[in-house]
Amino acid sequence: MSGITINDFTVTMETYGANRLQNRIGSRYSVIVPCFEVCGVAFMHSGSYYIVQRDQKVPDEIMNQAMATFGTTHPGDAKNYWWGEIHSIKGMITLASIMEKKYTPELVDDLTNKTYQRLLAESNIKNAEIFPFMEIQTPKMEELRKVLSDYSKLTNPFCDSKLQFKDPIEYLDKVTPDFCGKGSSYLYLTTNTAQTRYLKDDEGWSYQSMVLLQRNRRNKSVNISHYYNNGKYKRLIDEVIYIDYSDRAESGYYHHPDDLDLRISLKTGLAWETYHEDLAHPATDEEIDIAIFHLKDSMKRIKHRIVNKIVQ
Numbered sequence: 242m243s244g245i246t247i248n249d250f251t252v253t254m255e256t257y258g259a260n261r262l263q264n265r266i267g268s269r270y271s272v273i274v275p276c277f278e279v280c281g282v283a284f285m286h287s288g289s290y291y292i293v294q295r296d297q298k299v300p301d302e303i304m305n306q307a308m309a310t311f312g313t314t315h316p317g318d319a320k321n322y323w324w325g326e327i328h329s330i331k332g333m334i335t336l337a338s339i340m341e342k343k344y345t346p347e348l349v350d351d352l353t354n355k356t357y358q359r360l361l362a363e364s365n366i367k368n369a370e371i372f373p374f375m376e377i378q379t380p381k382m383e384e385l386r387k388v389l390s391d392y393s394k395l396t397n398p399f400c401d402s403k404l405q406f407k408d409p410i411e412y413l414d415k416v417t418p419d420f421c422g423k424g425s426s427y428l429y430l431t432t433n434t435a436q437t438r439y440l441k442d443d444e445g446w447s448y449q450s451m452v453l454l455q456r457n458r459r460n461k462s463v464n465i466s467h468y469y470n471n472g473k474y475k476r477l478i479d480e481v482i483y484i485d486y487s488d489r490a491e492s493g494y495y496h497h498p499d500d501l502d503l504r505i506s507l508k509t510g511l512a513w514e515t516y517h518e519d520l521a522h523p524a525t526d527e528e529i530d531i532a533i534f535h536l537k538d539s540m541k542r543i544k545h546r547i548v549n550k551i552v553q
């Protein structure tokens, strides 16, 4: 995830104390979006992942001041500002406070922190999922499930009641969080070299991660997904662990000998390669060991690159 959602924008402007205007039609999609006013400028959500200006334009000198607080001199910084767009919670608060001539770094940090704290409090990401298929098929499958339990707590660390977390403002420059609990729940924790994702909706849930690494002088990525489909919309009821280990520099059509595409069902104990479920076979101990290796290796990197930066 990147940018700012409709709910992020609403909570940001309410926390800031901006004047609420009548909802409008989003600039990018035909959806009703919230709109707030600051110094005669109407800020509204685009309906996509950024904020746009309407009625009046923010003066260039004020935009330059806002960009300078992030160390940039032009609006090509997609993390905070683009041409006529605002892309982040902190970017919106910074711009609004400069417009109203009350900007201080302390004020921006305080309001940014309160915004993220409210978003976190209103989300459902603290609820850990109960794995549906608990029967033990083999000692190896039991070992895999235990590792998956630990993996889920790292992928969605907020579900671990034993952890104490820093205030969001203490880690926003190291880890970018995105979370929502409106209708569906999701959590993204992102750094330059890793990302974890937790998603839940009426079709099921998934814990996912991506880590970048270098091995044998090659730039590799490990993508892992542990997901459950509950059978809605005629989807197969299943709980699956998926490992994708591949070379970042090549397309998905070229495989190196050490690349891996492996799915293992915790319901049936079968293993297969993506798009080749017709060739599914009972998962071997070697395949389960390979899955456990990549899980543990990714967990070590996730803990170092993400979790350790957000916990006290």
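FYI, in this note's numbering the residues of the sequence shown are 242 to 553. Glycine included, every Cβ here is placed at the ideal spot set by N, Cα and C. Note that the structure is predicted; figures quoted are calculated from it, not measured.
Assumed close pair residue i, residue j - CB separation to whole angstroms, cut-off 8 Å
| i | j | result |
| --- | --- | --- |
| ILE484 | HIS535 | 5 Å |
| GLU528 | TRP446 | 24 Å between Cβ atoms; not a contact. |
| ASP426 | ILE366 | Inspection of the sequence shows that residue 426 is occupied by Ser rather than by Asp. Yes, they are in contact, since the Cβ atoms of SER426 and ILE366 sit about 6 Å apart, within 8 Å. |
| LEU253 | ILE303 | The sequence as given places Thr at residue 253; Leu does not occur at that position. The Cβ separation is near 18 Å, so there is no contact. |
| SER450 | ILE533 | Not confirmed; about 15 Å, so no contact. |
| GLU518 | ARG476 | Not a contact, Cβ separation roughly 13 Å. |
| VAL463 | SER539 | 5 Å |
Residue i classed as buried or exposed, judged by whether at least 16 other C-beta atoms fall within 10 angstroms
| i | result |
| --- | --- |
| TYR494 | Here the model assigns TYR494 a pLDDT of 48, short of 50, so the residue's position is not dependable, and the following value carries that caveat. Classification of TYR494: exposed, given that the 10 Å Cβ count is below 16. |
| ARG458 | exposed |
| VAL481 | buried |
| ASN397 | buried |
| SER492 | Below a pLDDT of 50, predicted positions are generally treated as unreliable, and SER492, at 48, falls in that range; the measurement from the model is reported next regardless. The residue in question, SER492, is exposed, as its Cβ has fewer than 16 Cβ neighbours within 10 Å. |
| MET375 | exposed |
| SER338 | buried |
| SER402 | exposed |
| PRO555 | This structure does not reach residue 555, given that the chain is present from 242 up to 553, and the question cannot be answered. |
| LEU352 | buried |
| GLN405 | exposed |
| PRO380 | exposed |
| LYS541 | exposed |
| GLU557 | As displayed, the chain neither begins before 242 nor continues past 553, which places residue 557 out of reach and without an answer. |
| THR437 | buried |
| ILE247 | buried |
Reference residue i; option with closest CA among the options
| i | options | result |
| --- | --- | --- |
| TYR270 | GLU341, LEU501, HIS315 and TYR290 | TYR290 |
| MET285 | TYR257, THR251 and MET308 | THR251 |
| ASN305 | ARG438, MET340 and LEU404 | MET340 |
| GLY281 | THR432, ILE478, GLN297 and TYR469 | GLN297 |
| ALA283 | ILE529, ASP301 and ALA259 | ALA259 |
| TRP324 | GLY312, ILE334 and MET308 | MET308 |
| TYR469 | ASP499, LYS461 and LYS508 | LYS508 |
| ASP301 | LEU336, SER393 and ILE533 | LEU336 |
| ASP249 | VAL279, ILE303 and ASN354 | ASN354 |
| LEU395 | GLY472, SER466, PRO316 and ASP479 | SER466 |
| VAL279 | GLY288, ILE266, TYR257 and GLN358 | TYR257 |
| TYR474 | ASP442, ASP500, LYS320 and THR356 | ASP442 |
| ARG265 | ASN368, ASP500, SER287 and LEU360 | SER287 |
| ARG359 | LEU413, ASP488, GLU411 and GLU255 | GLU255 |
| ASN460 | TYR439, SER487 and ASN471 | SER487 |
| ILE292 | SER268, GLY312, HIS315 and THR313 | SER268 |
| THR372 | ILE551, GLY244, LEU262 and ILE478 | With the sequence shown as reference, residue 372 is identified as Phe, and Thr is not the correct amino acid for it. When each option's Cα is compared against that of PHE372, the closest is ILE478. |
Per-residue DSSP class, three states only, for residue i
| i | result |
| --- | --- |
| LYS537 | helix |
| PHE420 | strand |
| LYS461 | strand |
| THR437 | strand |
| HIS545 | helix |
| CYS400 | helix |
| THR345 | coil |
| TYR516 | coil |
| SER492 | Model confidence at SER492 stands at a pLDDT of 48, short of 50, so the residue's coordinates are unreliable; what they give is reported in the following sentence. It is coil, neither helix nor strand. |
| ILE273 | strand |
| VAL299 | coil |
| ALA354 | In the sequence as displayed, the identity of residue 354 is Asn instead of Ala. Looking at ASN354 - three-state DSSP - the assignment turns out to be helix. |
| ARG261 | strand |
| LEU559 | Residue 559 cannot be examined here, being either before or after the span of the chain that is shown, 242 to 553. |
| THR251 | helix |
| ILE330 | helix |
| TYR469 | strand |
| TYR392 | helix |
| SER487 | strand |
| ILE482 | strand |
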